[in-house]
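Chains as they are written, first to last, in this note's numbering: chain A, 312 to 425; chain B, 44 to 159.
Here's the structure, in C-alpha cells; my notes come after.
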Amino acid sequence: GDSVTQMEGPVTLSEEAFLTINCTYTATGYPSLFWYVQYPGEGLQLLLKATKADDKGSNKGFEATYRKETTSFHLEKGSVQVSDSAVYFCALSEGSGNTGKLIFGQGTTLQVKP
Amino acid sequence: NAGVTQTPKFQVLKTGQSMTLQCAQDMNHEYMSWYRQDPGMGLRLIHYSVGAGITDQGEVPNGYNVSRSTTEDFPLRLLSAAPSQTSVYFCASSPDRGGSGANVLTFGAGSRLTVL
C-alpha cells in the first residue's frame, strides 16, 4: 500500500542554519503531498502542499517540491528560527481525488538552538 | 470560529473501562476522521466519515466505535479500554469539495488518553 518515509530525528540546528527534512513516498496513483507542523501541546497545522508533479509548495519561508521521478517531497528552509522548533510530518492523500484521508510519515522533531 | 473542538484534553482510564472522546466542528465539513499518534509511528487512521450516517474503518479500527448522526459531531467510543490504546487522539475534518481545500485536514488540539 501507499506509504511515507521521513528522516529520523531529532534534528538539532543553530539559529539561521539551513534546514532539510527528507521525505519519500510510495504511491500507486497521483497523490497530493503535504507537510504539517505540530507545535508542543497542539494539533497539526498545514504548513504547505503540492498537488501535482513539479509543483512547489511554500509558506513561512519553508518550501518543498513534488518530485515524481524521485518520489520525494523534501522540506527546506534557508534560515531557521527558534520558533520553528516543532515536529514536522510529511503526508500524502490516500486514494484518488478528494478523499479526506491522509497517510502520514513518522514525524521529524526539529530543535533550533539560539 | 472554533474549528475542530475535542474533549476531554486528558483522560486516565483503567483497563476495561469505556469512554467517549468528543469531536465537533463548525466549518460545515462533510469529511471527518480520527487518528491516533504514537511515538515513532506518526498518525494512523482509526475511523473516518464522508457524511452524516456514513462511517468506515481506517488502518487501526479494532477496539473503537464511531457514529455520525450530524454533520458537526463525530464521537469516538472505546468499548473496553486496553493499555495498548494509550495514545494521543486527534480528530480532523475537511471539506468534500475539490479545489484548494481538497484533502486539507483541520485538526483538533488532541486528547491524551492513558489506560492503566
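All residues carry an ideal CB built from backbone N, CA and C; glycine is no exception.
Quiz prompt | Delimiting residues of the beta strand (DSSP E) encompassing A361 (chain A) | solution = 355 to 361
Practice problem: Rounded to whole angstroms, what's the CA-CA distance from D99 (chain B) to N333 (chain A)? Just pull it up for me. | Solution: 32 Å
Exercise. Buried or exposed for Y350 (chain A), please, with buried defined as at least 16 other CB atoms from any protein chain shown within 10 angstroms of its CB.
Key: exposed
Quiz prompt | Three-state secondary structure assigned by DSSP to D81 (chain B) | solution = strand
Practice problem: From the DSSP output, in three-state form, read off G142 (chain B) for me. | Solution: helix
Quiz item: Can you tell me whether D395 (chain A) is buried or exposed, with buried defined as 16 or more other CB within 10 angstroms of its CB?
Solution: buried
Exercise. Enumerate, from N- to C-terminal direction, the unbroken beta strand (DSSP E) stretches of 3 or more residues contained entirely within the stretch 359 to 413 of chain A.
Key: 367 to 370, 373 to 376, 386 to 388, 397 to 404
Practice problem: Classify Q128 (chain B) as helix, strand or coil using the three-state DSSP reduction. | Solution: helix
Quiz item: Can you tell me the Cα-Cα spacing of V158 (chain B) and T63 (chain B), whole angstroms?
Solution: 14 Å
Quiz item: Would a check of beta-carbon distances place S130 (chain B) closer than 8 Å to chain A?
Solution: no
Practice problem: Figure out for me which residue from A:K379, A:G372, A:A338 has the closest Cα to the Cα of E327 (chain A). | Solution: A:G372
Quiz item: So which residues on chain B does E353 (chain A) lean against when the C-beta distance must stay under 7 Å?
Solution: A152
Exercise. Name the one or two DSSP bridge partners that T58 (chain B) has.
Key: Bridge partners of T58 (chain B): none, in fact.
Quiz item: Within 10 angstroms of its Cβ, does L122 (chain B) collect 16 or more other Cβ (buried), or is it exposed?
Solution: exposed
Quiz item: Interface residues of chain B around S396 (chain A) at Cβ under 8 Å?
Solution: In chain order: nothing, as chain B lies at least about 18 Å away.
Exercise. For the beta strand (DSSP E) holding S154 (chain B), just list the boundary residues, first then last.
Key: 154 to 158
Self-check item: Interface residues of chain A facing S76 (chain B) [CB-CB closer than 8 Å]
Solution: G411, K412
Exercise. Note down the Cα distance separating A364 (chain A) from P126 (chain B), rounded to an integer number of angstroms.
Key: 42 Å
Self-check item: Rounded C-alpha distance that separates S383 (chain A) from Q54 (chain B)
Solution: 38 Å
Practice problem: Out of B:S143, B:R140, B:N105, B:A67, state which residue places its alpha-carbon closest to the alpha-carbon of C134 (chain B). | Solution: B:A67
Quiz prompt | Spatial distance of T316 (chain A) from S92 (chain B) (CA atoms) | solution = 26 Å
Quiz item: From K360 (chain A) to S343 (chain A), what does the alpha carbon distance come to, in whole angstroms?
Solution: 7 Å
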